[in-house]
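See below for the structure under consideration.
Protein chains: 2
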Amino acid sequence: MTAPRTRAGRPRDADATVKVLNATLELLDDRGVAALRIDDIARVSGVAKTTIYRRWTSLTALVVAAMESALGPRAIPETGDVEADLLALTRLVHQSISRTPFIRALPLISVELMQHPGLAQQYRARIIDPVREQAIRLVRAGMKQGRFRPDTDPSLVVDAVISPVIYRRVILHEDLSLPDLLAVGEMILRSIRT
Amino acid sequence: MTAPRTRAGRPRDADATVKVLNATLELLDDRGVAALRIDDIARVSGVAKTTIYRRWTSLTALVVAAMESALGPRAIPETGDVEADLLALTRLVHQSISRTPFIRALPLISVELMQHPGLAQQYRARIIDPVREQAIRLVRAGMKQGRFRPDTDPSLVVDAVISPVIYRRVILHEDLSLPDLLAVGEMILRSIRT
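First to last, the sequence lines map onto chains C and B.
No gaps in the numbering here: position 116 of the first sequence is 116 in our numbering, and each next residue is one more.
Quick note: to get our numbering, add 194 to the position in the second sequence (first position is 1).
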């Protein structure tokens, strides 16, 4: 009797999956998206090309999966206290960005990804939107509860909190500390509270 | 008697300057920083390499000068009303970013520039800091006047206002409209007013 196939395949496949994702991240970090080749991923990971193609339908799917694995899970269980939930989500995003060894390369990879239409769409749908949409829903819930001003633009609020992390890294080549990110969040909250 | 030499040189040189800067921007837009070659700039602009080297000491200096010319002047005369001045500066930055024909390429160029240490330093010193430092000074003046809370972090405030423009373009591939940018500015001002 064999173990049931999971999404990541059998145990041996799960091991190969980690190797391939890590090799992909290493190569992305080294050379960027444009120079990424399946042959190099196979060589660096020690996993056969046929195995890689069986697990991921395209290089695009593999790149997005590698980014997802680098960032880790980025969703929080909601408690009903929208401010506490928004704070928890902000902390989680900061943690997921700063704990990856690819923190310095991530913005460049993101910018490069956005130049490839197929990748941009999947990156947006799988890396950005899940977290961004949860945050936007929380702001909307706060407006319905009368905690936030009715003239609040939920997506603008969410983007205003997260964007200094990107700006500091991409443009200023500095990291935004967690206290500074929370200070931005507090500024924005202070301005939208009723 | 000859006309006095200006910073851009004689009229014939001024013409060549514009041609070289435009060719540089065109090539940056087309191929990015890494693939930029003086030979191509000479070919596209129709200006001799020796003339280009006489005017700019390095490719780095030329790239930064091209970015400066694309963005145009970005400083405002200060009136003493810090909120009005900050608003004017915000409008000017938005205008200078959106009027360039290279708006879509600028973030990628910026990110690429930041990968080249020499360029990064000049880009920061000549493109980013003049505007950012003026804005930071204005926030500090507002704090001294007692208009802004004493616990305000001036650079964080300035970065929080401008960063959604970068985030929307680089990560979301959308433009932040002037009304949306002003709404972010108003949110931040509302939260730091005493």
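Glycine residues also receive a C-beta, built at the ideal position from the N, C-alpha and C atoms.
Computed from a prediction, not measured in an experiment: that's the story for all the values here.
Can you tell me which of the options puts its alpha carbon nearest to the alpha carbon of residue i?
i         : options                                    : result
Ser-177/C : Pro-164/C, Val-170/C, Ile-171/C, Ile-188/C : Pro-164/C
Ile-246/B : Asp-209/B, Val-378/B, Val-364/B            : Asp-209/B
Ala-329/B : Ala-319/B, Ser-292/B, Val-276/B, Val-378/B : Val-276/B
Leu-21/C  : Leu-182/C, Val-184/C, Val-131/C, Trp-56/C  : Trp-56/C
Tyr-167/C : Arg-248/B, Arg-318/B, Ile-386/B            : Arg-318/B
Leu-140/B : Gln-121/C, Arg-37/C, Ser-96/C              : As displayed, chain B neither begins before 195 nor continues past 388, which places residue 140/B out of reach and without an answer.
Glu-133/C : Val-63/C, Arg-43/C, Leu-89/C               : Leu-89/C
Asp-233/B : Ala-242/B, Pro-373/B, Gly-226/B            : Ala-242/B
Val-227/B : Asp-207/B, Ile-291/B, Phe-342/B, Pro-311/B : Pro-311/B
Val-325/B : Pro-271/B, Asp-223/B, Thr-388/B, Arg-387/B : Pro-271/B
Ile-321/B : Val-258/B, Ala-377/B, Ser-292/B            : Val-258/B
Arg-293/B : Val-238/B, Asp-369/B, Arg-343/B            : Asp-369/B
Gln-95/C  : Met-187/C, Ile-188/C, Leu-182/C            : Leu-182/C
Ile-188/C : Arg-31/C, Leu-87/C, Leu-119/C              : Leu-87/C
Asp-207/B : Asp-224/B, Thr-244/B, Arg-225/B, Arg-231/B : Thr-244/B
Leu-119/C : Arg-54/C, Asp-30/C, Glu-68/C               : Glu-68/C
With a threshold of 8 Å between beta carbons, is residue i in contact with chain C?
i         : result
Ala-377/B : yes
His-367/B : yes
Leu-280/B : no
Pro-358/B : yes
Ile-291/B : no
Ile-322/B : yes
Ala-354/B : yes
Ala-210/B : no
Leu-332/B : no
Asp-374/B : yes
Asp-275/B : no
Leu-350/B : yes
Asp-207/B : no
Ala-197/B : Confidence at Ala-197/B is low in this model, with a pLDDT of 44, below 50, so its placement is unreliable and the value that follows should be read with caution. Closer than 8 Å: no.
Lys-213/B : no
By the 10 Å Cβ neighbour count, where 16 or more other Cβ atoms means buried, how is residue i classified, buried or exposed?
i         : result
Gln-339/B : exposed
Asp-85/C  : buried
Ser-58/C  : exposed
Thr-254/B : buried
Gly-72/C  : exposed
Val-93/C  : buried
Gly-185/C : buried
Asp-399/B : It is not possible to answer for residue 399/B, since the shown part of chain B is limited to 195 through 388.
Ala-75/C  : exposed
Val-18/C  : exposed
Ala-35/C  : exposed
Arg-169/C : buried
Asp-374/B : buried
Gly-240/B : exposed
Gly-274/B : exposed
Asp-353/B : buried
Chain B beta carbons: is any one of them nearer than 8 Å to that of residue i?
i         : result
Asp-29/C  : no
Ser-110/C : yes
Val-170/C : yes
Asp-40/C  : no
Ala-120/C : yes
Thr-6/C   : With a pLDDT of 47 at Thr-6/C, under the threshold of 50, the modelled position of this residue cannot be trusted; read the value that follows with caution. No, its Cβ sits nowhere closer than 8 Å to a Cβ of chain B.
Tyr-53/C  : no
Which residues in chain E sit within 8 Å of residue i, going by Cβ to Cβ distance?
i         : result
Ile-192/C : Absence of chain E from the displayed structure is noted, the protein chains being C and B.
Using 8 Å for Cβ pairs, my map puts residue i next to residue j. What's the rounded Cβ distance?
i         : j         : result
Ala-66/C  : Leu-113/C : No, Ala-66/C and Leu-113/C are not in contact; Cβ-Cβ is about 11 Å, not under 8 Å.
Thr-346/B : Val-355/B : At roughly 13 Å, the Cβ-Cβ gap does not stay under 8 Å, so Thr-346/B and Val-355/B are not in contact.
Ala-264/B : Ile-235/B : That belief does not hold up - the Cβ atoms of Ala-264/B and Ile-235/B are roughly 15 Å apart, past 8 Å.
Arg-190/C : Ser-349/B : At roughly 18 Å, the Cβ-Cβ gap does not stay under 8 Å, so Arg-190/C and Ser-349/B are not in contact.
Arg-341/B : Arg-387/B : 7 Å
Leu-221/B : Val-238/B : 6 Å
Val-224/C : Val-305/B : What is shown of chain C runs 1 to 194, which leaves residue 224/C out entirely.
(request) Kindly provide the ranges of any alpha helix (DSSP H) runs that are 4 or more residues long and lie completely inside the stretch 316-357 of chain B, ordered along the chain. (result) 323-338
(request) May I have a chain-ordered list of the alpha helix (DSSP H) segments no shorter than 4 residues that lie completely inside the stretch 42-90 of chain C? (result) 49-55, 59-71
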